[in-house]
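Chains as they are written, first to last, in this note's numbering: chain L, 53 to 264; chain V, 53 to 264; chain Y, 53 to 264; chain C, 53 to 264.
Glycine is no exception: its CB is placed at the ideal position from the N, C-alpha and C atoms.
Everything below concerns the one structure shown next.
Protein chains: 4
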Amino acid sequence: MPNSGRKEREQTRHRQEILTAAENVFVRKGFFNTTMNEIARAAEFGVGTIYQYFSSKEELYATLILERTDEIMDALILSARKAPDPIGKIKTLINEQLKIFDANKGFIRLMAAEIDTPTSPEETRSRLRSEIDSTYQRFLEAIEKIFSEGIKLGVFRNFPPRKMTVALQGIVTGFVSEWYRSGFQEKLSDNSDLILKIFFDSLEIPPGRENK
Amino acid sequence: MPNSGRKEREQTRHRQEILTAAENVFVRKGFFNTTMNEIARAAEFGVGTIYQYFSSKEELYATLILERTDEIMDALILSARKAPDPIGKIKTLINEQLKIFDANKGFIRLMAAEIDTPTSPEETRSRLRSEIDSTYQRFLEAIEKIFSEGIKLGVFRNFPPRKMTVALQGIVTGFVSEWYRSGFQEKLSDNSDLILKIFFDSLEIPPGRENK
Amino acid sequence: MPNSGRKEREQTRHRQEILTAAENVFVRKGFFNTTMNEIARAAEFGVGTIYQYFSSKEELYATLILERTDEIMDALILSARKAPDPIGKIKTLINEQLKIFDANKGFIRLMAAEIDTPTSPEETRSRLRSEIDSTYQRFLEAIEKIFSEGIKLGVFRNFPPRKMTVALQGIVTGFVSEWYRSGFQEKLSDNSDLILKIFFDSLEIPPGRENK
Amino acid sequence: MPNSGRKEREQTRHRQEILTAAENVFVRKGFFNTTMNEIARAAEFGVGTIYQYFSSKEELYATLILERTDEIMDALILSARKAPDPIGKIKTLINEQLKIFDANKGFIRLMAAEIDTPTSPEETRSRLRSEIDSTYQRFLEAIEKIFSEGIKLGVFRNFPPRKMTVALQGIVTGFVSEWYRSGFQEKLSDNSDLILKIFFDSLEIPPGRENK
DNA sequence: TATGAATGAGCTTTCATTCAT
DNA sequence: AATGAATGAAAGCTCATTCAT
């Protein structure tokens, strides 16, 4: 089958086109205010075609969020491995995170909404919520491990690693919010030094003040 | 008009009942998944009655969010005044904030969603978004002022006060998210010391290391 | 509550109007070719109103078929009681049946289709099918009992009563089909004597030829 | 064109395979609940291929019903010719009919639905309906002729032959319905003696009681 | 000839809103 | 002032049919 590969590739491309078009519309109007017809128009396909690739509006949305979130989280977790010591890992992580966010302005918006808006059992879309949440948890746990390691090595104060993680990510999230609020006036990643300084100057134990 | 007072009071009470009922339903199901009929049933009024107090679902929602957000933000801003010095102000602020959030679990959820989910001009509810945003900005600016003052007094490092504010509120938001994620396992306000330690130990300038 | 009765009565009337309009359309175009908009137009209500009375197209259809079928079957079973002897009962039953069918040309069509088209487990509408079937079974069993009684009394041959019932109703159904096919050329009930003669001349035992 | 024969034969085979697959699906799910994709899948062809053999879903369905109905009716009409006298003809006809129905459980269901459910002018499929009806009429007329002949020969009572036909086929249909209802518990053809007894004992004129 | 991805008209259903009572 | 039955625009989704390969 010499050209069955081409068809397959075309399928994959169409799927991607739909996801991209959907992302644009969802980012602009939100899940509920976006109609399947709008997405179809944006993707330059018929509505029916969308439904050949995704079984429902929800599934399309969930796929969009999850695929990209997975990608981003995995990339971040991996990036942290590059540095040898805990402090370096955290620094890399923050740097990479801000860079990726810079490069994915639109999408980050959707992702943030899904991660931060707390779920309730009655709400629909709960499968999406729990999947995205577990992806995000994986990410948080990876950071947690870095803190634990740093504490063991005596380079971080002995605060609960989970809480340190929560605080660090909180700061990042705060800067992201501000960045949106300001309409992306500055590059998000220009803040990485500041974030690290605010966060680290306290956590890094100065030589001579041992961890006890 | 002797009993116009009673009538008026009854009106106000009804309005409040509707808002409370609406809050409960919105918290449980979100804006889009909540129907006016559900709210009416919860409020034990007819749908028509709801429309005599609020001109649309949007307006009801916006009123709900804005009135309570205003209240909360004003209370917080005021609370900060109680302490004489900048550090005390910040401490009080965080303490009060966590206590208020503890006491308003449900509502905070809605408020957070509206504050944190970035807006786009095309989305409906954008008027609500911009109003809530400006309320929140007022709050942030109040904190900013505390930092500016602290810097001038030489008790805080010379970081941009806006950024410090953003970082501090980010940490708080991070803890709130975690608190939701964990299903309110611990009291949110139990974290206030830790938050302050994480944040302050770096920002507060140790005696002897002047700000230069 | 003096006039709550009026509202209730109005509700019931509207429900009936919808059922009648739906019957007309369903009879003309069949279940699948009928749209809810057509029914609404025929009933002179908005589509939404239809859905306040019936939760779905299926439920509307099922209600329509079942309510009227129940009525008709009950009337028939009762009518048979009027005659004292088995032969008289059967005669009354056939007479009444044909008269009722004459008077319900349109509806009978729907009913017949639902009764005669055998169901399969995979098919939707199976609840309707099983309910209508049990109503019809009640009817057949009532006839069966008449035959059993007649056999015991020695006025009918000793054929299995169920089979006699099936044969008798088969003949009736055959005449009904022919009546439709011919576009209602003659009154259906004009055939009752002939049906009874064809059926009874054999089943009724001539005096002197005892049942053994 | 040396192998045009093979090609042609292959075409015919494909057509048959499609018809058989379609029959299975239609029998299970009915006309409206069956999709062309399901048929294609069942036939192991692409949808497009189905459309090369049949111009529409309707035409496929109509062809299916008509071809087989024609076959069955023709076989029945022919079978009656085997017997020399009218009574023998009717007996053969009933016997054959029940045997054929036994052997075509699934299909009979579709056929019955199309024959018995009366048509309305507005319904789609009305062309199919009128064609199947005329086929069935041909069948009924053949039976009618047997009765006419029997009356002329003095072996049947002088009832209108058309009505006798209708009654007889009604009985058969009644037994078929019961057979379906019971889930094919007994063989349908086991009932042929009983049917004939119920029907004939009255219509056949006992020797000595001339038709006058 | 066989294919199945693409299509979009048209369906059922929902729900914010109105208005006669 | 309070009601809730009535409304119909608009949504998500299906599926017979087409056509480029």
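Tell me the residue span of the alpha helix (DSSP H) that contains residue 135 of chain L. Here residue 135 of chain L is taken as the residue at index 83 of the first sequence, counted from 1. No alpha helix (DSSP H) holds residue 135 of chain L; DSSP gives it neither H nor E.
Beta-carbon separation of residue 150 of chain V and residue 116 of chain V under 8 Å? On the second sequence, position 98 is the one that residue 150 of chain V refers to. On the second sequence, position 64 is the one that residue 116 of chain V refers to. No, Cβ-Cβ distance for residue 150 of chain V and residue 116 of chain V is not below 8 Å.
At a Cβ cut of 9 Å, what residues of the region 199-218 of chain V count as close to chain L, listed as they run along the chain? 209, 211, 212, 214, 215, 216, 217 and 218
May I ask you to report which of helix, strand or coil DSSP gives residue 208 of chain L? The count along the first sequence starts at 1 and reaches residue 208 of chain L at position 156. Note: residue 208 of chain L maps to strand in three-state DSSP.
Entirely enclosed beta strand (DSSP E) segments - the region 174-236 of chain C, minimum 3 residues: none
Which same chain residues end up closer than 7 Å to residue 251 of chain C when comparing Cβ atoms and leaving out the 5 residues on each side of it in sequence? Mapped onto the fourth sequence, residue 251 of chain C falls at position 199. Once the five neighbours on either side are set aside, the close Cβ partners of residue 251 of chain C are 220 and 223.
Starting from residue 169 of chain C, find everything on chain Y with Cβ-Cβ shorter than 8 Å and list it in chain order. As a working note, residue 169 of chain C is residue 117 in the fourth sequence. Near residue 169 of chain C (Cβ distances below 8 Å), the residues of chain Y are 161, 164, 165, 168 and 169.
What is the DSSP secondary structure of residue 100 of chain L, counted as helix, strand or coil? What you label residue 100 of chain L is simply residue 48 of the first sequence in a count that begins at 1. Reduced to three states, the DSSP call for residue 100 of chain L is helix.
Buried or exposed: where does residue 262 of chain L fall if 16 or more other Cβ atoms within 10 Å of its Cβ makes it buried? Position 210 of the first sequence, counted from the start, is the residue given in the question as residue 262 of chain L. With a pLDDT of only 45 at residue 262 of chain L, under the threshold of 50, the placement of this residue in the model should not be trusted; the figure read from the coordinates follows. By the 10 Å Cβ count, residue 262 of chain L comes out exposed.
So, at 6 Å on beta carbons, what are the nonlocal neighbours of residue 241 of chain V in its own chain, with the 5 sequence-adjacent residues on each side left out? For the purposes of this step, residue 241 of chain V is identified with residue 189 of the second sequence, where counting begins at 1. Once the five neighbours on either side are set aside, the close Cβ partners of residue 241 of chain V are 150, 151 and 154.
Determine the chain V residues that contact residue 81 of chain L at a beta-carbon separation under 9 Å, and present them in chain order. Position 29 of the first sequence, counted from the start, is the residue given in the question as residue 81 of chain L. Within 9 Å Cβ-Cβ: 172, 174, 175 and 176.
Taking 8 Å as the CB-CB limit, is residue 70 of chain L close to chain V? To locate residue 70 of chain L, count along the first sequence from 1; it is residue 18. With 8 Å as the cut-off, residue 70 of chain L does not count as an interface residue toward chain V.
Given residue 147 of chain L, which residues of its chain have a CB within under 6 Å of its CB, disregarding the five upstream and five downstream residues? Numbered from its first residue, the first sequence carries residue 147 of chain L at position 95. Correct list, in chain order: 244.
At a Cβ threshold of 8 Å, is residue 7 of chain L touching chain V? Chain L is shown from 53 up to 264; residue 7 of chain L falls before or after that span and cannot be answered.
Which one of Y:144, Y:202, Y:134 and Y:168 has the shortest CA to CA distance from residue 186 of chain Y? Along the third sequence, one-based indexing puts residue 186 of chain Y at 134. Looking at the Cα atoms, Y:168 is the closest of the given residues.
With a threshold of 7 Å on Cβ separation, who are the neighbours of residue 109 of chain C within its own chain once the five nearest residues in sequence on each side are excluded? Taking the fourth sequence and counting its residues from 1, one reaches residue 109 of chain C at position 57. The residues are 88.
The alpha helix (DSSP H) that contains residue 158 of chain C, what's its start and end? Here residue 158 of chain C is taken as the residue at index 106 of the fourth sequence, counted from 1. Counting along the chain, the alpha helix (DSSP H) containing residue 158 of chain C begins and ends at 157-168.
For residue 157 of chain C, tell me which candidate among C:192, C:172 and C:237 has the shortest Cα-Cα distance. In the fourth sequence, the residue the question calls residue 157 of chain C occupies position 105. Of the candidates C:192, C:172 and C:237, the one whose C-alpha sits nearest the C-alpha of residue 157 of chain C is C:237.
Determine whether the beta carbon atoms of residue 138 of chain Y and residue 218 of chain Y lie at a separation below 8 Å. Translated into the one-based positions of the third sequence, residue 138 of chain Y becomes position 86. Translated into the one-based positions of the third sequence, residue 218 of chain Y becomes position 166. No, these two residues do not count as a Cβ contact at 8 Å.
Who are the neighbours of residue 225 of chain C on chain Y, taking C-beta pairs under 7 Å? Working through the fourth sequence from its first residue, we reach residue 225 of chain C at position 173. Within chain Y, the residues near residue 225 of chain C are 222, 225 and 226.
Give the residues from the region 81-95 of chain L that approach chain V closer than 9 Å (Cβ to any Cβ), ordered along the chain. 81, 82, 83, 84 and 85
For the region 126-134 of chain C against the region 183-203 of chain C, do three or more pairs of beta-carbon atoms, one drawn from each stretch, fall closer than 8 Å, so that the two count as touching? yes
Could you give the DSSP three-state label for residue 85 of chain V: helix, strand or coil? Stepping through the second sequence from its first residue, residue 85 of chain V is reached at position 33. Of the three classes helix, strand and coil, the one that applies to residue 85 of chain V here is coil, per DSSP.
Could you confirm whether any beta carbon from chain V is found closer than 8 Å to the beta carbon of residue 278 of chain L? Not covered by the structure: residue 278 of chain L. The range shown for chain L is 53 to 264.
My assumption, with CB atoms under 8 Å, is that residue 215 of chain Y sits in contact with residue 246 of chain C. Please give the rounded CB distance. Mapped onto the third sequence, residue 215 of chain Y falls at position 163. Mapped onto the fourth sequence, residue 246 of chain C falls at position 194. Confirmed, about 6 Å.
8 Å is my cut-off, CB to CB: does residue 246 of chain Y come that close to chain C? The residue given as residue 246 of chain Y occupies position 194 in the third sequence. Closer than 8 Å to some Cβ of chain C, the Cβ of residue 246 of chain Y qualifies, so yes.
Close Cβ partners of residue 203 of chain C (< 7 Å) along its chain, the five nearest in sequence each way excluded: The residue labelled residue 203 of chain C in the question sits at position 151 within the fourth sequence. If we look at residue 203 of chain C and ignore the five residues flanking it on each side, its Cβ neighbours are 210 and 213.
Buried versus exposed call for residue 227 of chain V [16 or more other C-beta atoms within 10 Å across all chains shown]: On the second sequence, position 175 is the one that residue 227 of chain V refers to. Buried, by the Cβ-count rule.
Using a 10 Å radius around the Cβ and a threshold of 16 neighbouring Cβ atoms, would you call residue 100 of chain Y buried or exposed? Within the third sequence, residue 100 of chain Y is the residue found at index 48, counting from 1. By the 10 Å Cβ count, residue 100 of chain Y comes out exposed.
With 8 Å as the threshold, decide whether the Cβ of residue 264 of chain V is near any Cβ in chain L. The count along the second sequence starts at 1 and reaches residue 264 of chain V at position 212. In this predicted model, residue 264 of chain V has a pLDDT of only 39, less than 50, meaning its place in the structure is not dependable enough to derive any value.
Does the Cβ of residue 57 of chain C have 16 or more other Cβ atoms within 10 Å, making it buried, or fewer, making it exposed? By 1-based counting over the fourth sequence, the position of residue 57 of chain C is 5. With fewer than 16 Cβ atoms within 10 Å of its Cβ, residue 57 of chain C is classed as exposed.
Are the Cβ atoms of residue 175 of chain C and residue 85 of chain Y separated by less than 8 Å? Here residue 175 of chain C refers to the residue found at position 123 when the fourth sequence is read from its first residue. Here residue 85 of chain Y refers to the residue found at position 33 when the third sequence is read from its first residue. Closer than 8 Å, so yes.
Mind checking if residue 63 of chain C is an interface residue toward chain Y, Cβ cutoff 8 Å exclusive? Here the question's residue 63 of chain C lines up with position 11 in the fourth sequence. Not an interface residue.
So that I know if they touch, is there some Cβ in chain Y lying closer than 8 Å to that of residue 250 of chain C? Position 198 of the fourth sequence, counted from the start, is the residue given in the question as residue 250 of chain C. Cβ-Cβ to chain Y under 8 Å: yes for residue 250 of chain C.
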